[in-house]
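Undergrad: Below are the C-alpha cells for one structure; questions will follow.
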Amino acid sequence: MKLVFKSIERDGCGSIGLIPEESEDMWHAYNLVAVGDAVTASTVRKVQTESSTGSSTSNRVRTTLTITVETIDFDTQACVLRLKGRNIVENQYVKMGAYHTLDLELNRKFTLQKPLWDSVALERVEMACDPAANADVAAVVMQEGLAHVCLITPSMTLVRSKIDITIPRKRKGFVQQHEKGLNKFYDAVMQAILRHVDFNIVKCVIVASPGFVKDQFFEYMMQQAVKTDNKLLIDNKSRFLLVKASSGFKHSLKEVLQEPAVMAKISDTKAASEVKLLENFYTMLQLEPAKAFYGKKHIERANEALAIEILMISDKLFRCQDIQQRKEYVALVDSVRENGGEVKIFSSMHVSGEQLDQLTGIAAVLRFPMPELEDSDAEGDSDSD
Amino acid sequence: MARHRDFRNRTFSDDYDDDDVYGHSVEEDSCMSPSDAAQWIYDRSRNQQIQFLQNHNNIQEETEEDLADTSFSSQERRESIDLRSLNLDEEDEAKLMSCLDELRNVIGEAVADNILIQTVIKHNFDFSKSLDDILNRKTKEPEVPKPELVKPVVLIDPVKAPVITTVENTPKVVATNLEPKTVGVVKGFKVGQDGSSSSQPQTPRDQSPCTERLSKTEQVDEIKSTPKVKENKVDANALYVNERGSDKDHLYIVVIGHVDAGKSTLMGRLLCEMGEVSQKTLHKYEQESKKIGKQSFMYAWVLDETGEERVRGITMDVGRAQFETKTKRVIILDAPGHADFIPNMITGAGQADVALLVVDATRGEFESGFDLGGQTREHALLVRSLGVSQLAVAVNKLDTSNWSQERFNEITKKLKTFLKQAGFKDSDVTYVPCSGLTGENLVKSPTEAELLKWYNGPCLLDVIDKFNVPERPVSKPLRLSINDVYKGTGSGFCVAGRIENGVINKGDKVLVCPTKEMAEVRNISINEMPSNVAFAGDQVSVTLTGVDMQNVSVGYVLSDPIQQVPVTTRFEARIVVFNVKVPITKGFPVLIHHQSLVESANIVKLKALLNKSTGELVKKKPRCLGNNCVAVVEVEVCRPICVERYKDVKELGRVMLRVAGTTIAAGLVTDIVNT
Ligand SMILES: Nc1nc2c(ncn2[C@@H]2O[C@H](COP(=O)(O)OP(=O)(O)OP(=O)(O)O)[C@@H](O)[C@H]2O)c(=O)[nH]1
Ligand SMILES: [Mg+2]
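Just so you know, the sequences run in chain order L and D.
In our numbering, each residue carries its 1-based index in the first sequence increased by 1134.
In our numbering, each residue carries its 1-based index in the second sequence increased by 4.
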C-alpha cells in the first residue's frame, strides 16, 4: 500500500490517502474501514440523461464520490472490498444522500476519514505500507484423497483449491483401481497448482503430507512435466520444498510453518511467528497454568495487575461493529504497551488466528503467576453461541 | 442452547451403566481408572447369546427373491443391462468395458449405461465415434429424463445443520424390514434394552422437522404400496439363525503393533501354513522380492500388495485375508504400524472384534516400539478405545534372542502392567512366543528345542481359535459404515464396510447418510463370496444403484430408511484425554476419527471436568484439560456426519480425537446437539 498523505488532528480525527497495490492491501483496508467512516474514491456510476427530445440514454461515467460507510463486505476469494453508504458530498451525477456501493480498486487512490484514528488503526496503516513484509509462499497440504492448495501472504492464508477425491482402497486383486485413483488425485492437485500458483510472485511452494504422499506426488508431477514438456514446472523445480505434515486438512499448516526447513525459507512471515506465539502460550498453559490466560475478563484483570507480558489479540475483535467494544480493546492494547508488555495482533486469516478466534480472540502470557484468576469464573466467555 | 445446564444434577456415569464389569485391581497411576474404563469401554465378547437359537428354530425361511423383484421399477431394470444377454465374447466384452470406462471419464454418469452400451456396440467399440454419437445425442435431446427413482433432494450447508428439502413427489420406499425390530426376542444382555428404545430416533431432538415429515410419508407410502412386504417380513434373528446357524462363526482380527514388528510377515506365513497361498504364488513372491533386494519380506508380500508397499517394505493400508480354524472363519486385517498411517489403522480396528498385538522381541526393538513415541502403546490404547477387549500378544522374532525365556518374561511383564492400565483384563490377554519368519509356534506346537524347554502353551492358531465371538446386534435398525468406494464389475458401484447393526438384504432400499439419498442394494458379497443377506458384524461389499458414485464417500453410513441414523455437525462427548503435549482448550482444532471418517473439527466448549474414578463433576467450564483427565466437551465438525449416542449404537458412538499425528483423546458421544 502506498501512503499518499496523512493529515490527522491532535484530537485524532482526520484523513489518510492510500493506494492499494496488491490484493493483500484490500485485507488491510478491510481492517481499517469502520462503519461511520467517510471514504472518498473514484467509482463508476450509471447515469440517466434525458435529451431535449425526451429520449433517455444511460451512460456509465467515472466520478469521485464520498460516502459514509454503512456496510462493509470483504470477499476473501476475490480479495474485493465493497463499501456501501450514502453520498455526502455534492456531485454532478449523484444526489446527496443517495446510496452507492464503492468497490475499492487496485492502483486507485482512496481517502479514508475517521472521527478517531486510534493506535491500532495507525499501526495497521504502518504495517500495510511496509514494503519489506512481502514474501508470498504457496503451500499444498495433502493426504491420500485430500489436498488444500493455499497461498500464504504476510497477513492472509487463502485456500485456493480444495481437492477431495475418494480413492478406492487396496483390495485383493484390485490394486489397479487404487493406483488409478491415486493418479487421478495427483493430477487434480497438479492442475490446481498450475492454475493458482503464480511463479512470478511465489518464491517457494511447500508440499506437505504424512507418509510418502508428497514424494509420490512430486515424482508424478515432475514425470508429467517432462512428458508434457511443461517448462514452467521444470524451470521451477527447485522452488518446491517437501516437508512432513500430519494430514491434508488445513490446520496442519500450523505444523508445516514450524518445520525448520520452512522457517529458514520464510522466516519473516507473520503466519509462522503467530504459530510460534500461540504454541508458546499453550506450552505455558501446560507448564505454569497460572501464567497463561484467555478471555476478556481474565485478561482485563491480569492487565489491571500489570501482569501481561505478551498479549495476543485477533484483528477480528477490532472489526466489530460495536464502537464501544472496539474502544475497550484498543484501550487494553494501549495500556499493555504502556506497561511494557508486548502486543501481537493476529490475522484472523491465518490458521493460528482462526484458532485464537475460537479461543475468545484474546489470550496472554503473564510475567508472574496469578493463581487467583484460575479460580474465578470467566463468565460470558464461553456461552456465546 | 444448552446454556446453563446444571451439571450438578447430572451424574455422568449414569449414561454408562453398562453391561461391563471390570476387575478393580488396576493400579492408581493408570491412564484410565478402572471404573472409568468400565464406563466407556464396551466388551464386545461378553454378550454370548445362544438363547434365541432355541426360541426361534422353527421359523421358516421366507423367500426374499420376489420381494426384491417387486421393488424394482421397470425403468430401473432397464438401466442395468446384463452383459451376458448381449452374447459378447470375452475380448469384445473387455473392449466394451474399457470403452465404457473411457466414456464415463469424459461424460460422467449423465447417460444411462444401456444407451452407452448400445452406442458402443453400434460403432464396433470405436471410442471416438461412440463419444461423438453420444455427445450429439445429448445436445439433441437434452431433456431425457434420468431413468431413476425420484429421490429427496438434500442440500447440506457446509457449516450449519443439514437443511433438507424434499421434492414434492415423496420417494417410494420399499424395504423388507420395516417394523421396529423389538419383536419378542429374549435379550440375553442389557445393551438390548437400550437398543430397543434407540431404534426410534424420532424424538424431537434427533430429527429435524423436515426429516420427520420425510420418514412419515415414507411410512404411509410403504403401507399403501407394498402390503406384501409386511407379511413377508422375516424376523432378523430368525433369519440370522437360518442363514448362519450351521456356519462357522466369523471373527475379525486386527493385527497391530509398532512398525516392522513383523505383522505382515507373521500373517503371511500363517496363511501359507494354512494352505491359503499357493506354492506357485509364494515362489513368485520369493523370486520377485529377491530381485529388489527385499527377500526378507516375501511373506509380507502376501498382504502388502501395492507396488509402493512392496518397494518400501512397509504396510500402508490395511491388508485383508481369511482362513478357517476348527471353529471359526477368521478374517484378518493387517494394520500398518507406521505412525503416519494410523488413520488407516483406526479404520481397520473399527471393523475388528479382537486384536493381535505383535511385538518385536529383538533386544532394543521391543523397547523402541514400547517407549513413548512408539506405536505399541498408541495402538493398544486405540483398539481398547474402539471397543476391543480380547487381545493376543505375539512375542515375535524370538528367534533373534535364541528363544530365551528370560527375554519373553521381561517383555510380557512390561506389557502386562501397561495393558492393565490401558483397560485390558489380565484374563483377556494371552501371550504367545513365536517367529513369523521361521514359522515357529504358528499353527503347530513348537519344535525348537530351546523353546520346548520352557513353553508348553498353545500355538498362535489355537489362541485365535479360542477367541470369543461377540454378539451381533442383528435385530437393530441397519447401520453400515462405509470404508471404501470403488467400481465393481457391471452396473452400479460398490461400497465396502462393516454392518454395525441389523441386516441387509439384496433388493433393500437403504438411505445413504449424511446426504440422505435413497439407494438400492443390487448385490452383496461377504469376503468376496456373493450372498443374499448379510448381518451385523459382517464386513461386506454392497453394489448400489440409484445414487451417483461421486456422491458417496468413505465415512458415510447406509441407514435404515425409516429408523434413520442421526446426522449432525455438533455433538457432546465425554472424553478421556491421553498424554498430551499441550492442554486442550476450547477452540482446539482436531481431527475426529469416527469409524473410517476423518474430518476436521473443533472443540467448541469445555463443559465439565469430571472425577476420573467416580465420574462426579469436579469443575464446570474448565479453562483447559490436561493429561489423563476425563471431561465433557462439545465438538463441532465442519461437515455434517452420522453419529449415534454411545448408549444407542456403540460402534457409531465412539470418536477419536487426533492432533498433529497423535491421538489426544478418545470419546463417547453422550448427546447429539441440534444445530
Ligand atoms: N528374524 C526375524 N525377522 C522377522 C520376523 N518376522 C518379521 N521379520 C522381519 O521384519 C521385517 C519387517 O517385517 P514386516 O512383516 O514387514 O513388518 P510389519 O510389522 O508388517 O511392518 P509394517 O506393516 O510396516 O508396520 C522384515 O524384514 C521381516 O523379514 C521374525 O520372526 N524373525
Ligand atoms: Mg505390515
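Each residue gets a CB set at the ideal place from its N, CA and C atoms; glycine is no exception.
All values reported here derive from a predicted model rather than from experimental measurement.
1) Report the neighbours of D:P587 on chain L: residues whose CB is nearer than 8 Å to its CB, in chain order.
2) Determine the DSSP secondary structure at D:H3, reduced to helix, strand or coil.
3) Using the three-state DSSP reduction, which class does D:I579 fall into: helix, strand or coil?
4) D:I346 by DSSP, collapsed to three states: which one?
5) Can you list, in chain order, the residues of its chain whose CB lies under 6 Å from that of D:H342, leaving out five sequence neighbours each side?
6) For chain L, is any of its Cβ atoms less than 7 Å away from the one on D:D10?
7) Helix, strand or coil for D:Q543 per DSSP?
8) At what residue ranges does the segment 1192 to 1276 of chain L contain a whole run of the beta strand (DSSP E), taking only runs of 3 or more?
9) Taking 7 Å as the threshold (beta carbon to beta carbon), is D:L613 in contact with chain L?
10) Taking the straight line between their C-alpha atoms, what separation do you get for D:V659 and D:A353?
11) Name the two residues that bound the continuous beta strand (DSSP E) containing D:N509.
12) Take L:K1296 and list the residues in its own chain whose beta-carbon comes closer than 6 Å to its own, dropping the five residues that flank it on each side.
13) Within its chain, find whatever has a CB closer than 8 Å to the CB of D:G665; leave out the 5 residues flanking it on each side and keep chain order.
14) D:S529 touches chain L at which residues, Cβ-Cβ below 8 Å?
15) Look at the Cβ atom of L:S1448, then the Cβ atom of L:F1480, and state whether they are nearer than 7 Å.
16) Is the distance from the Cβ of D:E640 to the Cβ of D:R578 below 7 Å?
17) Could you tell me which chain L residues have their CB closer than 8 Å to the CB of D:G591, listed as they occur along the chain?
18) Report the start-end ranges of each alpha helix (DSSP H) in the segment 464 to 510 of chain D that is 4 residues or longer and not cut off at the edges.
19) I'd like the list of long-range same chain contacts for L:S1289, defined as Cβ closer than 7 Å, with 5 residues on each side in sequence excluded.
20) Examine chain D for any beta-carbon lying closer than 7 Å to the beta-carbon of L:K1304, and answer yes or no.
21) Which same chain residues, not among the five before or five after L:T1300, have their C-beta less than 8 Å away from its C-beta?
22) Is any heavy atom of ligand 3 found at a distance shorter than 6 Å from the C-beta of D:S268?
23) Can you give me, in chain order, the residues of the segment 1375 to 1395 of chain L that have a beta carbon less than 9 Å from any beta carbon in chain D?
24) In three-state DSSP terms, what is L:F1452?
25) Hey, would you say the C-beta of D:T319 is under 6 Å away from at least one heavy atom of ligand 2?
26) Rounded C-beta distance between D:A398 and D:C438? I'm assuming under 8 Å.
27) When Cβ atoms are compared, which residues of the segment 593 to 611 of chain D fall closer than 8 Å to chain L?
28) Strictly under 7 Å for the Cβ-Cβ distance: is L:V1309 near chain D by that measure?
29) Can you tell me whether D:G368 sits near ligand 1, meaning its C-beta is under 6 Å from at least one heavy atom of the ligand?
30) Does the CB of L:T1300 have a neighbour CB from chain A at under 7 Å?
31) Under the three-state reduction of DSSP, which class applies to D:Q355: helix, strand or coil?
32) Return the first residue and the last residue of the beta strand (DSSP E) that L:Y1416 is part of.
33) Check for me: the beta strand (DSSP E) holding D:T666 runs from which residue to which?
34) Return no unless some Cβ of chain D is closer than 7 Å to the Cβ of L:G1475.
35) Check each residue of the segment 660 to 673 of chain D: if its Cβ is closer than 7 Å to any Cβ of chain L, include it; give the result in chain order.
36) State the start and end residues of the unbroken alpha helix (DSSP H) segment that holds D:N246.
TA: Quick look at the numbers:
1) Within the second sequence, numbered from 1, the residue matching residue 587 of chain D stands at position 583. Within 8 Å Cβ-Cβ: Y1416, L1419, Q1420, P1423.
2) Because chain D spans 5 through 679 in this model, residue 3 of chain D falls outside it and cannot be assessed.
3) Walking along the second sequence from the start, residue 579 of chain D turns up at place 575. In this structure, D:I579 counts as strand in the three-state DSSP scheme.
4) Taking the first residue of the second sequence as position 1, residue 346 of chain D is located at position 342. Of the three classes helix, strand and coil, the one that applies to D:I346 here is helix, per DSSP.
5) By one-based count along the second sequence, residue 342 of chain D stands at place 338. Correct list, in chain order: V263, I318.
6) If you number the second sequence from 1, residue 10 of chain D lands on position 6. Residue confidence for D:D10 is low, a pLDDT of 44 falling below 50, so the modelled location carries little weight; the figure read from the coordinates is stated next. Not closer than 7 Å to any Cβ of chain L, the Cβ of D:D10 fails to qualify, so no.
7) One-based indexing of the second sequence puts residue 543 of chain D at position 539. Three-state result, D:Q543: strand.
8) 1214 to 1221, 1233 to 1237, 1244 to 1248
9) What you label residue 613 of chain D is simply residue 609 of the second sequence in a count that begins at 1. Chain L, which has no Cβ nearer than 7 Å to the Cβ of D:L613, makes this no.
10) The residue given as residue 659 of chain D occupies position 655 in the second sequence. The residue given as residue 353 of chain D occupies position 349 in the second sequence. Cα to Cα, the separation comes out at about 13 Å.
11) Indexing the second sequence from 1 puts residue 509 of chain D at position 505. Start and end: 507 to 509.
12) As a working mapping, residue 1296 of chain L is identified with position 162 in the first sequence. Excluding residues within five positions, the ones whose Cβ falls inside 6 Å are H1282.
13) Counting from 1 along the second sequence, the entry for residue 665 of chain D is found at position 661. Once the five neighbours on either side are set aside, the close Cβ partners of D:G665 are A343, D344, I346.
14) For this step, residue 529 of chain D is matched to residue 525 along the second sequence. The contacting residues do not exist; D:S529 stays about 12 Å from chain L at best.
15) Locating residue 1448 of chain L in the first sequence gives position 314, counting from the first residue. Locating residue 1480 of chain L in the first sequence gives position 346, counting from the first residue. Going by C-beta atoms, L:S1448 is nearer than 7 Å to L:F1480.
16) As a working note, residue 640 of chain D is residue 636 in the second sequence. As a working note, residue 578 of chain D is residue 574 in the second sequence. No, these two residues do not count as a Cβ contact at 7 Å.
17) Mapped onto the second sequence, residue 591 of chain D falls at position 587. By Cβ distance, chain L contributes Q1489, L1490, D1491, Q1492, L1493, T1494.
18) 464 to 470
19) The residue you call residue 1289 of chain L lines up with position 155 of the first sequence. Closer than 7 Å at Cβ, skipping near neighbours: E1158, W1161, K1404, S1481, M1483.
20) Indexing the first sequence from 1 puts residue 1304 of chain L at position 170. Yes, its Cβ sits closer than 7 Å to a Cβ of chain D.
21) As a first step, residue 1300 of chain L is located in the first sequence; it is residue number 166 there, counting from the start. If we look at L:T1300 and ignore the five residues flanking it on each side, its Cβ neighbours are G1279, G1315.
22) This structure lacks ligand 3; its bound ligands are ligand 1 and ligand 2.
23) K1378, A1379, S1380, S1381, F1383, K1384, H1385, S1386, K1388, E1389
24) Against the first sequence, residue 1452 of chain L aligns to sequence position 318. L:F1452: helix per DSSP, three-state reduction.
25) As a first step, residue 319 of chain D must be located in the second sequence, where it is residue number 315. Flag set: Cβ of D:T319 near ligand 2.
26) As a working note, residue 398 of chain D is residue 394 in the second sequence. As a working note, residue 438 of chain D is residue 434 in the second sequence. About 5 Å; that satisfies the 8 Å criterion.
27) P593, L595, V602, S604, N606, V608, K609, L610
28) Here residue 1309 of chain L refers to the residue found at position 175 when the first sequence is read from its first residue. It does: the Cβ of L:V1309 has a partner Cβ on chain D nearer than 7 Å.
29) Taking the first residue of the second sequence as 1, we reach residue 368 of chain D at position 364. Not under cutoff, so the answer is no.
30) Annotation note: the requested chain A is absent from the structure, which comprises protein chains L and D.
31) Position 351 of the second sequence, counted from the first residue, corresponds to residue 355 of chain D. If DSSP states are grouped into helix, strand and coil, D:Q355 belongs with coil.
32) The sequence position of residue 1416 of chain L within the first sequence is 282, counting from 1. Premise fails: L:Y1416 lies in the alpha helix (DSSP H), 1404 to 1421, not in any beta strand (DSSP E).
33) Along the second sequence, one-based indexing puts residue 666 of chain D at 662. From DSSP, the beta strand (DSSP E) with D:T666 extends over 666 to 677.
34) Residue 1475 of chain L sits at position 341 when you count from the first residue of the first sequence. No, its Cβ sits nowhere closer than 7 Å to a Cβ of chain D.
35) A664, G665
36) By 1-based counting over the second sequence, the position of residue 246 of chain D is 242. That run of the alpha helix (DSSP H) goes 240 to 248.
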